[in-house]
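Q:
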Amino acid sequence: MLNSSRGRSQTRSTRAMPFAAVEQHPDPKRKSNLVGKVLMAVFSQHEEGVTHVLVTGGAGYIGSHAALKEWLLLQDNLSRGNMGAVKVLQELFPEPGRLQFIYADLGDAEVVDKIFSENAFNAVMHFAAVAYVGESTMDPLRGYSLRQLTFVSEPTQAPINPYGKAKKMAEDMILDFSKNSDMAIMIVRYFNVIGSDPEGRLGKAPRPEACKKATGADIKVDYLPRRPGDYAEVFSDPPKIKQELNWTARYTDLVESLQIAWRWQKEHRAGYSSS
Numbered sequence: 007m008l009n010s011s012r013g014r015s016q017t018r019s020t021r022a023m024p025f026a027a028v029e030q031h032p033d034p035k036r037k038s039n040l041v042g043k044v045l046m047a048v049f050s051q052h053e054e055g056v057t058h059v060l061v062t063g064g065a066g067y068i069g070s071h072a073a074l075k076e077w078l079l080l081q082d083n084l085s086r087g088n089m090g091a092v093k094v095l096q097e098l099f100p101e102p103g104r105l106q107f108i109y110a111d112l113g114d115a116e117v118v119d120k121i122f123s124e125n126a127f128n129a130v131m132h133f134a135a136v137a138y139v140g141e142s143t144m145d146p147l148r149g150y151s152l153r154q155l156t157f158v159s160e161p162t163q164a165p166i167n168p169y170g171k172a173k174k175m176a177e178d179m180i181l182d183f184s185k186n187s188d189m190a191i192m193i194v195r196y197f198n199v200i201g202s203d204p205e206g207r208l209g210k211a212p213r214p215e216a217c218k219k220a221t222g223a224d225i226k227v228d229y230l231p232r233r234p235g236d237y238a239e240v241f242s243d244p245p246k247i248k249q250e251l252n253w254t255a256r257y258t259d260l261v262e263s264l265q266i267a268w269r270w271q272k273e274h275r276a277g278y279s280s281s
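For the sequence shown, our numbering begins at 7 and goes up steadily by one.
1) Could you spell out the range, first to last residue, of the alpha helix (DSSP H) harbouring Ile180?
2) Does the distance from the CB of Leu80 to the CB of Asp203 come in under 8 Å?
3) With a 10 Å radius around its C-beta and 16 neighbouring C-beta atoms as the bar for buried, classify Ser70 as buried or exposed.
4) I'd like to know if the stretch 184-201 and the stretch 152-169 are in contact, where contact means that at least 3 CB-CB pairs between them fall below 8 Å.
5) Would you call the CB atoms of Gly209 and His274 closer than 8 Å?
6) Could you give the DSSP three-state label for Arg36: helix, strand or coil?
7) On the three-state DSSP scale, how would you describe Thr62?
8) What's the gap between the Cα of Leu112 and the Cα of Asp224?
9) Roughly how many angstroms separate the alpha carbons of Ala115 and Val59, rounded to a whole number?
10) Answer with buried or exposed for Val44, where buried requires no fewer than 16 other C-beta atoms within 10 angstroms of its C-beta.
11) In the DSSP assignment, what residue or residues form a beta bridge with Val194?
12) From what residue to what residue does the beta strand (DSSP E) around His132 run?
13) Three-state secondary structure (DSSP) at Gln271?
14) With a threshold of 16 other CB atoms inside 10 Å of the CB of Ile108, please say whether the residue is buried or exposed.
15) Considering only their Cβ atoms, is the gap separating Val158 from Phe133 smaller than 8 Å?
16) DSSP three-state call for Phe99: helix, strand or coil?
17) Can you tell which of Asp259, Lys248 and Asp188 has the C-alpha that lies nearest to the C-alpha of Lys219?
18) Report yes or no: do three or more beta-carbon pairs, one from the stretch 81-93 and one from the stretch 122-131, lie closer than 8 Å?
19) On the DSSP bridge assignment, give the partners of Tyr278 in chain order.
20) How about Gly201 and Ile247: do their beta carbons lie closer than 8 Å?
21) With DSSP as the reference, identify every bridge partner of Asp82, one or two as the case may be.
22) Indicate whether the contact test is met: 3 or more Cβ pairs, each with one atom in the stretch 61-69 and one in the stretch 174-184, closer than 8 Å.
Rendered as structure tokens:
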């Protein structure tokens, strides 16, 4: 934790999307044809006592779980995200302005500038899996009253694969940016994420490792050689987050986390389409 991405993005036009339109477009091939009512400028001014947060990659596995808090605007180009997760979030939080979604790509600098110019955010939580945080992301932060940036990074600080190197490069750029900014910068370095929301609201199909004990089912696993760029061993040492933020992970048992995920999967055998 410091106080002070994967694939190349595809340029797409900005489309703010009403949740009433979610069910009308179940086919991923039709995503580029989504047409929705413009919802930008929802947060044109800050409301006293309310924190407004932009969550990039908000339709993804991790971003959607992070969206269970605060007043949010979710951004995603749906190249990897799931509109089913966004629909669940809107059903959980139906209050006007509580949670909005915008269909946009961070690779388009004009789109990013428009998002910031028409919305008043207190903070940004950057989960979008882009290869880098370049000018299209960092430059708009200079001109708006953003108070905090949380960047989701990788745990290793000596990366051996392109994804890890891109994350490390992004960290360096963000820290350089922070030297001439009053913005609170937070970089979260976490390992592979497993499990699902303990209350069963959101989830993801688990990987097969260690699932036999959690499910009681015999799962056939085909073991293949380690992929190029995979680490042989990586160990977590989290005392810094305890020391600086007084935060301790609540769910630390692998089997328990898998059991929580398994409960969600049994109730949603077809993923979000079965919700």
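Backbone N, C-alpha and C define an ideal beta-carbon position, used for all residues, glycine too.
Predicted, not measured: the structure shown is a model, and the values here were computed from it.
A: Concretely, from the data shown:
1) Segment Pro168 to Ser184, the alpha helix (DSSP H) holding Ile180.
2) No. Outside cutoff.
3) Burial state of Ser70 is buried, judged by a 10 Å Cβ sphere holding 16 or more other Cβ atoms.
4) Yes, the stretch 184-201 touches the stretch 152-169.
5) Against a cut-off of 8 Å, the Cβ pair of His274 and Gly209 comes out as a contact.
6) Caution is warranted here: a pLDDT of 35 is assigned to Arg36, below 50, making its placement in the model unreliable, and no coordinate value can be reported.
7) Assignment of Thr62 by DSSP, reduced to helix, strand and coil, places it in the strand class.
8) Taken atom to atom, the span from the alpha-carbon of Leu112 to that of Asp224 is near 42 Å.
9) Each residue's Cα considered, the two are about 19 Å apart.
10) The pLDDT assigned to Val44 is 28, lower than 50, so where the model puts this residue is not dependable; a value taken from the coordinates is nonetheless given after this. Classification for Val44: exposed.
11) DSSP output for Val194 lists Val158 as bridge partner(s).
12) In the DSSP annotation of this structure, the continuous segment of the beta strand (DSSP E) that includes His132 starts and ends at Ala129 to His132.
13) In the three-state reduction of the DSSP assignment, Gln271 falls in the helix class.
14) Within a 10 Å sphere around the beta-carbon of Ile108 sit 16 or more other beta-carbons, which makes this residue buried.
15) Yes; because the gap between Cβ atoms is below 8 Å, this pair is in contact.
16) In this structure, Phe99 counts as coil in the three-state DSSP scheme.
17) Comparing Cα-Cα distances from Lys219 to each of Asp259, Lys248 and Asp188, the minimum goes to Asp259.
18) No, because fewer than three Cβ pairs between the stretch 81-93 and the stretch 122-131 fall closer than 8 Å, the two stretches do not touch.
19) Tyr278 is bridged by DSSP to nothing; it lacks a bridge partner.
20) The Cβ atoms of Gly201 and Ile247 lie no closer than 8 Å to each other.
21) Per DSSP, the beta bridge partners of Asp82 are Tyr109.
22) When Cβ pairs closer than 8 Å are counted between the two stretches, the stretch 61-69 is seen not to touch the stretch 174-184, the count staying below three.
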